[in-house]
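Working notes for the structure below.
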Amino acid sequence: MYNPSENNESHHTTRNQEKLSNFNTDFDLGLFFYIFKKNLLWILLIFGLSILGSFLYLRYTAPTYTSNTTIQIEKSNKANQLLKVEDYYETNDISAEIELLRSNLITKNAIRELPLDVSYFSEGQFLDNELYRSSPFEVELISKDSLTNSTRINIEFKNKKEGILEWNNGRERQNVRFGQINELPFARLIINIQNFNQIKENVEAVKPLSYYFVINNLKSIAATLQENLVITILNPSAKTIQVSYSDNNRLKSKEIVNNIVSEFEIYNEERKKQSAKQVVQFLNEQIESVYEKQKAAEKQIQIFKRNNNLSDVGDYSGIVVDRLNQLNEAEIELSAQINLLKEIKSQIDVAGDKIDVYELLPILVGNSYDGGIAQLVEGLNKLLIDKQNQLYSTKPGSAPVKEIDYQIEIQKKLIIKSLDAVLQKLQSRNTNLQERIDGLKKEYFNVPDQEIELIRRKKTYDINERFYTMLIEKKTEYSISQEGIVSSINILDAASIPAEPVSPNKHTVFISFLLVGTFLNLIVVVVKYLFHNEITSIEEIVRHASSSVSILGIIPKYKKDIPVSQLIVNKNPKALIAESFRSIRTNLQFLSRPEGSKIMVVTSTISGEGKTFIAINLGGIIAISGKKVIIVDLDMRKPKIHVGFNVENVRGMSTLLIEKDDLENCIHKSQLENLDFITAGPVPPNPSELIINNKLDVILKKLKKSYDLIIVDNPPVGLVTDGVEIIRKADYPLYIFRAEYSKKSFIHSIDRLHQENNINKLSIILNGVDSSKNSHGYGYGYGYGYGYGYGYGQGYYDEDSKSTKKWYNRLKK
0 MYNPSENNES
10 HHTTRNQEKL
20 SNFNTDFDLG
30 LFFYIFKKNL
40 LWILLIFGLS
50 ILGSFLYLRY
60 TAPTYTSNTT
70 IQIEKSNKAN
80 QLLKVEDYYE
90 TNDISAEIEL
100 LRSNLITKNA
110 IRELPLDVSY
120 FSEGQFLDNE
130 LYRSSPFEVE
140 LISKDSLTNS
150 TRINIEFKNK
160 KEGILEWNNG
170 RERQNVRFGQ
180 INELPFARLI
190 INIQNFNQIK
200 ENVEAVKPLS
210 YYFVINNLKS
220 IAATLQENLV
230 ITILNPSAKT
240 IQVSYSDNNR
250 LKSKEIVNNI
260 VSEFEIYNEE
270 RKKQSAKQVV
280 QFLNEQIESV
290 YEKQKAAEKQ
300 IQIFKRNNNL
310 SDVGDYSGIV
320 VDRLNQLNEA
330 EIELSAQINL
340 LKEIKSQIDV
350 AGDKIDVYEL
360 LPILVGNSYD
370 GGIAQLVEGL
380 NKLLIDKQNQ
390 LYSTKPGSAP
400 VKEIDYQIEI
410 QKKLIIKSLD
420 AVLQKLQSRN
430 TNLQERIDGL
440 KKEYFNVPDQ
450 EIELIRRKKT
460 YDINERFYTM
470 LIEKKTEYSI
480 SQEGIVSSIN
490 ILDAASIPAE
500 PVSPNKHTVF
510 ISFLLVGTFL
520 NLIVVVVKYL
530 FHNEITSIEE
540 IVRHASSSVS
550 ILGIIPKYKK
560 DIPVSQLIVN
570 KNPKALIAES
580 FRSIRTNLQF
590 LSRPEGSKIM
600 VVTSTISGEG
610 KTFIAINLGG
620 IIAISGKKVI
630 IVDLDMRKPK
640 IHVGFNVENV
650 RGMSTLLIEK
660 DDLENCIHKS
670 QLENLDFITA
680 GPVPPNPSEL
690 IINNKLDVIL
700 KKLKKSYDLI
710 IVDNPPVGLV
720 TDGVEIIRKA
730 DYPLYIFRAE
740 YSKKSFIHSI
750 DRLHQENNIN
760 KLSIILNGVD
770 SSKNSHGYGY
780 GYGYGYGYGY
790 GYGQGYYDED
800 SKSTKKWYNR
810 LKK
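Each residue of the sequence shown is one higher than the one before, counting from 0 in numbering that gives the first Met the number 0.
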């Protein structure tokens with residue numbers, strides 16, 4: 000015996016797997032939209048929940064505000080350009096400036112200028128609001144434990160003078176007096192009330208607020224600030240940078256951005272002035288040293304003249320002076336360079352290997368050397384720039400930074416060695432020049448020794464004089480350069496208090512939730528499509544049936560308030576359901592043409608598919624046409640004919656088959672002329688044996704003499720095999736499916752009856768079709784129904800027809 004309840008699950012699983020594998024190639028668009036319409040209420044509900052979720056998210060998510068400023072880093076010194084003083088610190092790359100903006104140094108300096116040591120909050124039912132510069136009370140920290148992390152302290156106001164502090168999740172409490180010093184385990188503080196009326200109103204409001212404050216750890220504040228700070232290069236050529244900061248408090252975000260830029264501006268100016276100060280300091284030391292030497296030399300010349308009674312060099316030595324003039328000039332220039340290099344070398348020798356390259360550059364700035372040293376200095380400067388660029392993308396101590404440091408050390412040593420070589424070279428030239436001067440002096444040995452000594456002393460004095468003058472000029476240049484250093488940060492667009500939050504964005508949140516709702520709806524519809532296992536249309540029956548079947552028609556869905564199996568075709572002949580049964584009656588003429596009494600067997604797969612309802616109303620519509628019809632209830636396990644006609648089931652087919660009653664006593668007259676019926680009778684213990692005995696054939700033969708059509712309400716053949724034999728004998732074997740109730744696996748029952756039982760004349764009726772919806776596949780009923788379907792919009796009764804037609808016409812417009 001075939002049992003669809005046992006095989007339904009396996010058929011359904013196999014079909015779902017086929018749907019998944021053939022989803023793209025065998026996609027049923029009509030079924031998909033039908034399922035979409037059927038679940039429209041759930042779809043709208045999900046969309047409604049999505050919209051509600053977006054509103055709740057926007058309502059209970061703290062807004063984030065972003066304040067930003069645009070600055071331009073100017074890389075020029077007007078005084079340097081005027082005096083043509085080279086500045087090795089100026090480059091066209093701003094990566095080092097950006098790294099400085101992100102540094103802890105600037106961040107900590109900015110924090111110190113803002114009231115961030117204590118943060119104040121009001122706590123609502125769902126959101127906390129930071130009261131930055133707007134708190135009705137103020138906490139003055141006298142001291143705190145430096146090891147304590149950021150600590151939340153709830154505050155309860157008893158009155159204007161007293162309150163309670165609570166911390167450590169309420170495990171610790173302490174009474175405090177406002178305006179006085181209070182000792183806590185981790186801090187000493189004074190709480191001052193600024194606006195007690197505001198506090199009282201908020202605490203006693205319908206939706207009360209509570210207050211708390213947080214004693215911050217500045218390291219944590221600095222770390223948070225750096226996380227929320229965003230620096231963006233807007234235009235590398237114009238050297239413009241945008242500095243942005245995001246926070247839940249709009250005023251706080253603005254002040255943090257402004258303070259960071261201000262601290263960066265101050266530090267940037269001080270750093271550049273410090274470089275010029277180092278050069279000027281070096282020049283001052285050299286000027287003071289040379290000045291003392293000149294003062295001592297001048298004094299010695301005066302003493303020498305007085306002791307030797309010399310007023311000045313005489314005419315007889317003028318030739319010597321003229322001949323030695325050029326050599327002296329050269330020697331003076333060379334000596335000045337040698338003295339300067341010696342001073343530079345002494346500065347380097349004092350520091351030794353520990354000299355910092357950032358201290359070495361100011362010493363070398365503004366002096367001319369031979370081409371080799373100049374290239375080395377430029378190379379050193381380039382390495383320093385490369386290091387700053389590398390630090391922008393990597394951390395100090397990384398392999399690339401260590402490699403550059405190694406190259407810097409080599410370059411520094413090369414410069415020092417080159418300075419030694421240049422100094423040695425200049426000293427050698429000076430020695431040669433001195434030898435030439437001494438040789439010239441020997442040619443004029445007649446010059447008195449005292450005058451020669453005086454010339455030598457004056458020559459030394461002149462050399463120092465030239466050197467002193469050069470240092471004064473350099474000092475003047477760098478002093479002017481130092482005064483020319485101004486802030487190189489131009490604020491192009493100052494930070495302002497943001498008007499709208501950047502997060503959550505209303506449009507983005509709303510669209511996102513709608514997209515999520517759409518995605519969930521799509522999942523619901525797709526899942527229901529993949530797991531849909533109910534018959535919805537005639538087309539599905541034809542498509543899934545292996546055997547050739549004829550479609551007799553469809554029956555519209557009847558109203559829920561109509562009792563099961565009731566005769567309704569006689570109540571309103573013009574109703575849509577009556578028209579559908581007339582269409583089926585017409586189509587029956589094409590199935591069997593021979594005259595004479597006919598047997599119609601109505602069966603289904605399982606109970607509940609409407610076979611009794613169709614048997615009663617099809618019999619009624621045929622009886623109205625003038626044919627004598629009798630309905631026989633053979634479904635003795637679950638009889639319903641007596642329910643449909645509202646009679647008792649005390650006698651019927653079961654009593655006839657056991658010969659306890661006469662046929663005439665079991666025939667009931669219906670309220671419709673030409674329509675009689677025989678109930679199933681009391682439920683027997685062995686209905687299968689009763690149906691297959693020869694008594695049934697005798698009864699049917701007798702009924703054929705009196706009736707044009709015998710309609711047999713057969714047991715469901717999907718559950719039992721009692722009715723298979725009577726189906727073989729039927730002139731009109733009808734198989735009933737119910738839309739949105741019968742499983743698609745039930746279609747295989749048709750194939751089984753055809754292949755196993757050789758029943759070839761089965762006709763299909765689809766019951767319970769919702770004709771009020773232009774749903775998937777319902778159009779197939781027109782073709783198979785041979786004219787059925789006209790009159791859409793009509794109800795089962797006249798009053799329903801009018802209202803339905805009105806709504807249909809409105810929708811049509």
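Just so it is clear, CB atoms sit at the ideal spot from N, CA and C, and this is done for glycine as well.
Starting from the C-beta of A335, find all residues in its chain whose C-beta is less than 8 Å away, skip the five residues before and the five after it, and write them out in chain order. Looking up residue 335 in the sequence shown gives position 336. Closer than 8 Å at the Cβ level, and outside the excluded window around A335, lie I462, R465, F466 and M469.
Assign E73 to buried or exposed, taking buried as 16 or more other Cβ atoms, counted over all protein chains shown, within 10 Å of its Cβ. Taking the sequence shown and counting its residues from 1, one reaches residue 73 at position 74. With fewer than 16 Cβ atoms within 10 Å of its Cβ, E73 is classed as exposed.
When you compare only the Cα positions, how much space is there between I255 and I331? Indexing the sequence shown from 1 puts residue 255 at position 256. Indexing the sequence shown from 1 puts residue 331 at position 332. Spanning the two alpha carbons is a distance of roughly 59 Å.
Any idea if A614 is buried or exposed, counting beta-carbon neighbours within 10 angstroms, 16 or more meaning buried? What you label residue 614 is simply residue 615 of the sequence shown in a count that begins at 1. By the C-beta density criterion, A614 is buried, having at least 16 other C-beta atoms within 10 angstroms.
In terms of DSSP beta bridges, what is P555 paired with? By one-based count along the sequence shown, residue 555 stands at place 556. Under DSSP, P555 forms a beta bridge with V768.
To the nearest angstrom, report how far apart I190 and V175 are at their CA atoms. Counting from one through the sequence shown, the residue named residue 190 turns up at place 191. Counting from one through the sequence shown, the residue named residue 175 turns up at place 176. When the Cα atoms are used, I190 and V175 turn out to be separated by approximately 9 Å.
Output the distance between the C-alpha atoms of Y211 and K199, rounded to the nearest integer angstrom. In the sequence shown, the residue the question calls residue 211 occupies position 212. In the sequence shown, the residue the question calls residue 199 occupies position 200. Annotation: Y211 to K199 spans about 15 Å, alpha carbon to alpha carbon.
Give the straight-line distance between the Cα atoms of T475 and N283, rounded to the nearest whole angstrom. The residue given as residue 475 occupies position 476 in the sequence shown. The residue given as residue 283 occupies position 284 in the sequence shown. The straight-line gap from Cα to Cα measures roughly 10 Å.
Which word fits E608, buried or exposed, when buried means at least 16 other C-beta atoms lie within 10 angstroms of its C-beta? On the sequence shown, position 609 is the one that residue 608 refers to. Looking at its Cβ environment, which holds 16 or more other Cβ atoms inside 10 Å, E608 is buried.
Inter-residue Cα distance where the pair is N586 and N38: As a first step, residue 586 must be located in the sequence shown, where it is residue number 587. As a first step, residue 38 must be located in the sequence shown, where it is residue number 39. Between N586 and N38, the C-alpha separation is close to 35 Å.
Quick one: what does DSSP say P686 is sitting in, helix, strand or coil? Here residue 686 is taken as the residue at index 687 of the sequence shown, counted from 1. Reduced to three states, the DSSP call for P686 is helix.
Is N257 helix, strand or coil by DSSP? The count along the sequence shown starts at 1 and reaches residue 257 at position 258. Shown here, N257 sits in a helix according to DSSP, grouped into three states.
Return helix, strand or coil for S624, following the three-state DSSP convention. Counting from 1 along the sequence shown, the entry for residue 624 is found at position 625. Annotated three-state conformation of S624 is coil, per DSSP.
If you follow the alpha helix (DSSP H) that D696 is part of, which residue opens it and which one closes it? Indexing the sequence shown from 1 puts residue 696 at position 697. Element bounds for D696: K694 to S705.
Which residues mark the beginning and the end of the beta strand (DSSP E) in which T231 is found? The residue given as residue 231 occupies position 232 in the sequence shown. Looking at the DSSP string, the run of the beta strand (DSSP E) that includes T231 is L228 to N234.
Inter-residue Cα distance where the pair is A296 and K401: Start at 1 with the first residue of the sequence shown, and residue 296 comes out as number 297. Start at 1 with the first residue of the sequence shown, and residue 401 comes out as number 402. Just so you know, the alpha carbons of A296 and K401 end up roughly 51 Å apart.
Which of helix, strand or coil does DSSP assign to L752? Here residue 752 corresponds to residue number 753 of the sequence shown, with the count starting at 1. Here DSSP, grouped into helix, strand and coil, assigns L752 to helix.
When the Cα atoms are used, what is the spatial distance from I163 to P135? As a position in the sequence shown, residue 163 is number 164, starting the count at 1. As a position in the sequence shown, residue 135 is number 136, starting the count at 1. Using only the alpha carbons, I get a separation of about 16 Å.
Contiguous beta strand (DSSP E) assignments of at least 3 residues, all confined to the segment 469-550: Counting only runs of 3 or more residues that sit fully inside the segment 469-550, the beta strand (DSSP E) segments are 488-492, in chain order.
I'd like the list of long-range same chain contacts for A544, defined as Cβ closer than 6 Å, with 5 residues on each side in sequence excluded. Residue mapping note: residue 544 aligns to position 545 of the sequence shown, counting from 1. Cβ neighbours of A544 beyond the five flanking positions: I746 and I749.
Would a C-beta distance cut-off of 8 Å place L718 and N569 closer than the cut-off? Walking along the sequence shown from the start, residue 718 turns up at place 719. Walking along the sequence shown from the start, residue 569 turns up at place 570. In this structure, L718 sits away from N569, with a CB-CB distance that is not shorter than 8 Å.
Residues bridged to P732 (per DSSP): For the purposes of this step, residue 732 is taken as the residue at position 733 of the sequence shown. Answer is V600, bridged to P732.
With DSSP collapsed to three states, give me the class of V138. To locate residue 138, count along the sequence shown from 1; it is residue 139. Looking at V138 - three-state DSSP - the assignment turns out to be strand.
Given a threshold of 16 other Cβ atoms within 10 Å of its Cβ, counted over all protein chains shown, does K160 qualify as buried or as exposed? Residue numbering aside, residue 160 sits at position 161 when the sequence shown is read from its first letter. Residue burial annotation: K160 is exposed, with fewer than 16 other C-beta atoms found within 10 angstroms of its C-beta.
Whose CA, out of S66, Y59 and L40, lies closest to the CA of I496? For the purposes of this step, residue 496 is taken as residue 497 along the sequence shown, with counting starting at 1. The shortest C-alpha separation from I496 is found at S66.
Anticipated Cβ contact below 8 Å, V628 with N664, distance rounded: Residue 628 sits at position 629 when you count from the first residue of the sequence shown. Residue 664 sits at position 665 when you count from the first residue of the sequence shown. Not quite, the Cβ-Cβ distance comes to about 20 Å (not below 8 Å), so this is no contact.
Looking only at its chain, what residues have a beta carbon closer than 7 Å to the beta carbon of D675, apart from the 5 residues adjacent to it on each side? Numbered from 1 along the sequence shown, position 676 holds the residue referred to as residue 675. The beta carbon of D675 sits closer than 7 Å to the beta carbons of I629, I666, H667, K668 and S669 from its chain, once the five residues preceding and following it are set aside; these are given in chain order.
Can L752 and L695 be called in contact, C-beta distance under 8 Å? Here residue 752 refers to the residue found at position 753 when the sequence shown is read from its first residue. Here residue 695 refers to the residue found at position 696 when the sequence shown is read from its first residue. In this structure, L695 does not lie closer than 8 Å to L752 by Cβ.
Hey, is the segment 260-267 in contact with the segment 420-427, meaning 3+ C-beta pairs nearer than 8 Å? Pairwise C-beta distances place the segment 260-267 out of contact with the segment 420-427, as fewer than three of them are shorter than 8 Å.
Thinking C-beta only, is K597 closer than 8 Å to L819? The structure shown has nothing for residue 819, since the chain only spans 0 to 812.
Let's test the definition: count the other Cβ atoms within 10 Å of the Cβ of G169 and tell me whether it reaches 16, buried, or not, exposed. Within the sequence shown, residue 169 is the residue found at index 170, counting from 1. Looking at its Cβ environment, which holds fewer than 16 other Cβ atoms inside 10 Å, G169 is exposed.
Hey, quick one: how far does the beta strand (DSSP E) through E155 stretch, first residue to last? As a working mapping, residue 155 is identified with position 156 in the sequence shown. Membership of E155 in the beta strand (DSSP E) is indicated by the continuous run T150 to F156.
Here's a check: name, in chain order, each residue in its chain whose Cβ is nearer than 8 Å to the Cβ of V524, leaving out the five neighbours to either side. Working through the sequence shown from its first residue, we reach residue 524 at position 525. Within the same chain, Cβ atoms closer than 8 Å to the Cβ of V524 are found at F31, I34, F35, N38 and I42, the five residues on either side in sequence being excluded.
Tell me the rounded alpha-carbon separation between G680 and I726. In the sequence shown, counting from the first residue as 1, residue 680 sits at position 681. In the sequence shown, counting from the first residue as 1, residue 726 sits at position 727. Spanning the two alpha carbons is a distance of roughly 21 Å.
Option in V716, N692, L375 and I576 with minimal Cα separation from S606: On the sequence shown, residue 606 is found 607 positions in, with the first residue counted as 1. Comparing Cα-Cα distances from S606 to each of V716, N692, L375 and I576, the minimum goes to V716.
Check this for me: beta carbons of I554 and G618, under 8 Å apart or not? For this step, residue 554 is matched to residue 555 along the sequence shown. For this step, residue 618 is matched to residue 619 along the sequence shown. The answer is no: Cβ separation not under 8 Å.
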